[in-house]
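Protein chains in written order, with this note's numbering: chain A, 2 to 111; chain B, -3 to 110. Where a beta carbon is used, it is the ideal one built from N, C-alpha and C, also for glycine. Some notes on the structure that comes next.
This is the structure:
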């Protein structure tokens, strides 16, 4: 089983749609969780941290379910500019090393 | 005013050659990293330095040798390049403990070994 697992997609959605991604992680002792965004041929950039109680940033909502060891990202009212790969990132081990999932590709179409 | 910069952006070379990639950050961060992103887009940590000292060294061939002359720079030297080394190499930095702080990535160096 991969340490951080994501559905690679692609998710093809029309503008204005709501789309959700899930990510599962293997280490129940993981403490920190993030979503990064990576545009084609660009570097990853932090989208948002994921807090235990869930958190929202504009059209983006992140949730953490520790019991089931998964993280979710919900995007409401999708824009063309949301098209990218979304990377789930988890602190998996002692020494504070981040482990990246393989990413979920989103394509928002007009 | 680039935060994390890498040179070169593209590197095409023959098997067996030795090459270096340079990274600089002007954010005043204490910790810097090298990641490798392969053709399947998996991003994997290779090395992490904190204040010029190696703190994470994942299982990478010893042909890869990082060097940090000061806390703003982290270079990666690769000896005897192999076809499987072809990938995008990202440098990143963070203010401190990586778990709780955002990592800022450089634009990447696309290495192609022929």
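Check: Minimum Cβ-Cβ distance from residue 39(B) to chain A less than 8 Å; Outcome: yes
Check: Within the segment 51 to 98 of chain A, ranges of the beta strand (DSSP E) (whole runs, at least 3 residues); Outcome: 56 to 58, 61 to 66, 71 to 76 and 85 to 94
Check: Contact belief for residue 111(B) with residue 69(B) at Cβ below 8 Å, rounded distance in angstroms; Outcome: Outside the displayed range of chain B (-3 to 110) lies residue 111(B), so it cannot be described from this structure.
Check: Where residue 40(A) falls: helix, strand or coil (DSSP); Outcome: coil
Check: Closest residue to residue 50(B) among 71(B), 12(B) and 105(B) (Cα-Cα distance); Outcome: 71(B)
Check: Given residue 45(B) as reference, the closest of -2(B), 37(B), 98(B) and 88(B) once Cα atoms are compared; Outcome: 88(B)
Check: Contact with chain B by residue 47(A), beta-carbon distance below 8 Å; Outcome: yes
Check: Which of helix, strand or coil DSSP assigns to residue 79(B); Outcome: helix
Check: Residue 106(B) to residue 61(A) span [Cα, whole Å]; Outcome: 31 Å
Check: Beta-carbon contacts of residue 5(A) that lie in its chain and below 7 Å, excluding the five residues immediately before and after; Outcome: 24, 26, 89, 91, 100, 101 and 102
Check: Nearest-angstrom Cβ-Cβ length linking residue 67(B) and residue 47(B), presumed shorter than 8 Å; Outcome: 5 Å
Check: Residue 63(B) (DSSP reduced to helix, strand or coil); Outcome: strand
Check: Whole-number beta carbon distance between residue 17(A) and residue 105(A), since they are thought to touch under 8 Å; Outcome: At roughly 19 Å, the Cβ-Cβ gap does not stay under 8 Å, so residue 105(A) and residue 17(A) are not in contact.
Check: First and last residue of the uninterrupted beta strand (DSSP E) at residue 2(B); Outcome: 0 to 3
Check: C-beta atoms of residue 65(A) and residue 98(B) nearer than 8 Å; Outcome: no
Check: Of the residues 23(B), 43(B) and 33(B), the one placed nearest residue 104(B), counting alpha carbons only; Outcome: 33(B)
Check: Which residues DSSP lists as bridging residue 90(B), in chain order; Outcome: 27(B)
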